[in-house]
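Protein chains: 2
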Amino acid sequence: MRKVALTGDRPTGNLHLGHLAGSLRSRVEMQSSFDQYIMLADVQALTDYFENSRKVVDSILEVIADYLAVGLDPELSTIFIQSQIPELSELTMYYMNLVSLSRLERNPTVKAEIAQKKFGESVPAGFLCYPISQASDITAFKAEIVPVGEDQLPMIELSNEIVRRFNRIYHTNCLKESTAHLSKTTRLVGIDGKAKASKSLNNAIFLSDSAELVAQKVQTMYTDPGHIKISDPGNVEGNVVFAYLDAFHDNEEEISSLKKKYSQGGLGDTVLKSLLNDTLQKLLQPIREKRESLNKKDLLEICYVGTNKAKSVAQKTLYEVKSAIGINFFDKSLNRRN
Amino acid sequence: MRKVALTGDRPTGNLHLGHLAGSLRSRVEMQSSFDQYIMLADVQALTDYFENSRKVVDSILEVIADYLAVGLDPELSTIFIQSQIPELSELTMYYMNLVSLSRLERNPTVKAEIAQKKFGESVPAGFLCYPISQASDITAFKAEIVPVGEDQLPMIELSNEIVRRFNRIYHTNCLKESTAHLSKTTRLVGIDGKAKASKSLNNAIFLSDSAELVAQKVQTMYTDPGHIKISDPGNVEGNVVFAYLDAFHDNEEEISSLKKKYSQGGLGDTVLKSLLNDTLQKLLQPIREKRESLNKKDLLEICYVGTNKAKSVAQKTLYEVKSAIGINFFDKSLNRRN
Chain A
1 MRKVALTGDR PTGNLHLGHL AGSLRSRVEM QSSFDQYIML ADVQALTDYF
51 ENSRKVVDSI LEVIADYLAV GLDPELSTIF IQSQIPELSE LTMYYMNLVS
101 LSRLERNPTV KAEIAQKKFG ESVPAGFLCY PISQASDITA FKAEIVPVGE
151 DQLPMIELSN EIVRRFNRIY HTNCLKESTA HLSKTTRLVG IDGKAKASKS
201 LNNAIFLSDS AELVAQKVQT MYTDPGHIKI SDPGNVEGNV VFAYLDAFHD
251 NEEEISSLKK KYSQGGLGDT VLKSLLNDTL QKLLQPIREK RESLNKKDLL
301 EICYVGTNKA KSVAQKTLYE VKSAIGINFF DKSLNRRN
Chain B
1001 MRKVALTGDR PTGNLHLGHL AGSLRSRVEM QSSFDQYIML ADVQALTDYF
1051 ENSRKVVDSI LEVIADYLAV GLDPELSTIF IQSQIPELSE LTMYYMNLVS
1101 LSRLERNPTV KAEIAQKKFG ESVPAGFLCY PISQASDITA FKAEIVPVGE
1151 DQLPMIELSN EIVRRFNRIY HTNCLKESTA HLSKTTRLVG IDGKAKASKS
1201 LNNAIFLSDS AELVAQKVQT MYTDPGHIKI SDPGNVEGNV VFAYLDAFHD
1251 NEEEISSLKK KYSQGGLGDT VLKSLLNDTL QKLLQPIREK RESLNKKDLL
1301 EICYVGTNKA KSVAQKTLYE VKSAIGINFF DKSLNRRN
């Protein structure tokens, strides 16, 4: 039997090359060997986008289009929308009793995010508790593998704590611990070279960008400000063009020899950027074409089928959880007769 | 149209005379003029009974038996179990984004309860957030009237804050503010005269107590320790027997003249206790008989019908809430096709 893997995205904008390098490519690989669930985490996104829900809502079909465009196959990967699975909210209610407030406040990732988001004194309860909701997502599907970045390790740790505590208190083994899969790829830097590529910093190349826009963005990419004449030795470290070539050019040796040449002097930014542009255009053209071939109705249908499949799995887990607590008073009849 | 009222109990044990005086009698009155929902708040009870869920589970049918025994009529009052209505959990998830952690920590009732329950450093997130879950209960049924004790006023206030914030952020008026109805009756003191009657202090007379047990408990009631000889003047203030006569004897004048006599001296505790015992036996006998006539299957069926009715109301509210946020992606189809 294939192991269950759970991944997903907070739908707060279209996906970009950072997502492709960071997670999408590995999901495409994983879908043939894992029973992969991919969640559009709209409920989680709303914990800090609650005043901008339009953004979340509008992003959902865009993100699904990105998924399919890069090669995720709904026959192999179950794509679903978090808000359409009430069982996840119910699990969260029961898990919230097993996690103390101080445990949540100690979570280093949440701590850093709270500081960054400038909630001030008004940290929404929903935001502080989102790691509990993540535990619901992970456990509902009995995910064994959760591909994450390093910053998400505390979430998996908390989820496993909840699993152990629940199983111990309610004398059951219905919940399963999961294992974090650290992604191999490092975070892709933004085209400005300042921080990781992100929508909010407006420094990313989106999978849906037109060929012209991609070319323009490559033109403005940060290289080495000290590299003025072609003959000057240039810095490879911190040079965004090389970072992107590393991530997306398929000939490592070629890039290695270009780096050497650039460091010694004699290789101009124009030539380099032209190579990167060719690389990205070749990469993005089929993605863009696939994306344009998708219509809203089909995307909704794909998502509907995936959500229904995910719902029936979550339903089963919730049933086990409520049985362990002892609160399936009408057995399944209430749901059945509806 | 009759106004909607919501009340309920945390099922953590059988109901006693304190409940009868404090809420049950007024619910029986209200059911003919209000559209009354009565919730068995098992999810809320689990926020501090999560390690003792058996107690909650076992109490549910007992409490429903108490309800019916005192005259609550399932044709007039909708009796339902909180945990069987997933919509309440979903509402809580969305409301949690609208309430800050510091707002929750300022709640005086929760603060006092946390101190009393000795959670120490481990206040469960679920416990701190239970007022948000209460707001879900109130708003799901669009309750206009919520009968409460004084200590519950901060909960209604928070619920109304959530209503206003939700309606403002999502440009809707689908949620309704509610009004607290302060109950007229004061809290019934325990038979030991030390604190209010409660199961945990073992100082209550239960609706299900046998006639013998009631008589025994009346015998041990705290009166006035200084009232030794019948001819001694006795204290009416703090005298539990008088508190119970005030609450349950139907002739106010008679009690008033007995109080006078007791204060002046010349009225013995034995006579008084005998009067109270007669009063309580007359009150409790039909309740006990009705209680014994109920079987588990019928109770479950009553509760099943009530829960289904409540569920369809909550479903409608959740649909409006999710529409306002914009996240009814499959319209109602996902639920319909299930």
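Protein chains in written order, with this note's numbering: chain A, 1 to 338; chain B, 1001 to 1338.
Ideal placement from N, C-alpha and C gives every residue a C-beta, glycine not left out.
Computed from a prediction, not measured in an experiment: that's the story for all the values here.
Taking one beta carbon from each stretch, the stretch 1299-1313 of chain B and the stretch 31-41 of chain A have fewer than 3 pairs nearer than 8 Å; the two do not touch.
Residue 30 of chain A has its alpha-carbon roughly 11 Å from the corresponding atom of residue 2 of chain A. Within its own chain, the residues whose Cβ lies closer than 8 Å to the Cβ of residue 1032 of chain B, once the five positions on either side in sequence are excluded, are 1076, listed in chain order. Taking a cut-off of 8 Å on C-beta distances, the stretch 234-244 of chain A touches the stretch 269-280 of chain A, as three or more cross pairs fall below it. Bounds of any beta strand (DSSP E) do not take in residue 1134 of chain B; it lies within the alpha helix (DSSP H) bounded by 1130-1140. According to the DSSP secondary-structure assignment, residue 180 of chain A is paired through a beta bridge with A/146. Under DSSP, residue 214 of chain A shares a beta bridge with no residue.
Residue 251 of chain A and residue 1046 of chain B have their alpha carbons spaced roughly 59 Å apart.
Contact of residue 129 of chain A with chain B is assigned, a C-beta pair being separated by under 8 Å.
Considering only beta carbons, the part of the stretch 1033-1055 of chain B lying closer than 7 Å to chain A consists of 1042, 1043, 1046, 1047, 1050, 1051, 1053, 1054, in chain order. Contact annotation, residue 1063 of chain B with residue 1011 of chain B: C-beta distance approximately 5 Å; criterion of less than 8 Å satisfied.
Residue 1224 of chain B sits in coil when the DSSP states are folded into three classes, being neither helix nor strand. Taking 8 Å as the threshold, the shortest C-beta distance from residue 1172 of chain B to chain A does not fall below it. Ranking B/1221, B/1115, B/1291, B/1118 by CA distance to the CA of residue 1276 of chain B puts B/1221 first. Non-local C-beta neighbours of residue 1083 of chain B in its own chain, meaning closer than 7 Å and more than five positions away in sequence, comprise 1042, 1043, ordered along the chain. Listed in chain order, the beta strand (DSSP E) runs fully inside the stretch 43-85 of chain A are 77-81, counting runs of at least 3 residues.
Chain-ordered, the chain B residues with CB closer than 8 Å to the CB of residue 86 of chain A read 1086, 1087, 1089, 1090. The beta carbon of residue 132 of chain A falls within 8 Å of a beta carbon belonging to chain B, placing the residue at that interface. Chain B has a Cβ within less than 8 Å of the Cβ of residue 98 of chain A. Residue 1068 of chain B and residue 146 of chain A have their C-alpha atoms roughly 50 Å apart. Straight across, the Cα-Cα distance linking residue 238 of chain A with residue 24 of chain A is about 24 Å. Under the Cβ criterion of 8 Å, residue 162 of chain A is not counted among the residues facing chain B. If the five residues before and after residue 78 of chain A are omitted, its C-beta is found closer than 6 Å to the C-beta atoms of 37, 306, 309, 310, all from its own chain and listed in chain order.
Residue 37 of chain A carries a strand assignment under DSSP once its states are collapsed to helix, strand and coil. For residue 1057 of chain B, the closest Cβ of chain A is nearer than 8 Å. At least one CB of chain A lies nearer than 8 Å to the CB of residue 1125 of chain B.
With respect to chain A, the C-beta atom of residue 1159 of chain B has no partner C-beta closer than 8 Å. For residue 1008 of chain B, the enclosing beta strand (DSSP E) stretches over residues 1004-1009.
Membership of residue 1256 of chain B in the alpha helix (DSSP H) is indicated by the continuous run 1252-1264.
A distance below 6 Å between beta-carbons, with the five flanking residues on each side excluded, links residue 1114 of chain B to the following residues of its chain, in chain order: 1123.
The criterion of a C-beta distance shorter than 8 Å is not satisfied by residue 139 of chain A and residue 111 of chain A. Contact between the stretch 1149-1168 of chain B and the stretch 123-138 of chain A is absent, with fewer than three C-beta pairs closer than 8 Å.
Taking C-alpha positions only, residue 65 of chain A is separated from residue 331 of chain A by approximately 39 Å.
Bridge partners of residue 1196 of chain B according to DSSP: B/1189. The Cβ-Cβ distance between residue 178 of chain A and residue 144 of chain A falls below 8 Å. Using a CB distance cut-off of 8 Å, residue 1304 of chain B counts as an interface residue toward chain A.
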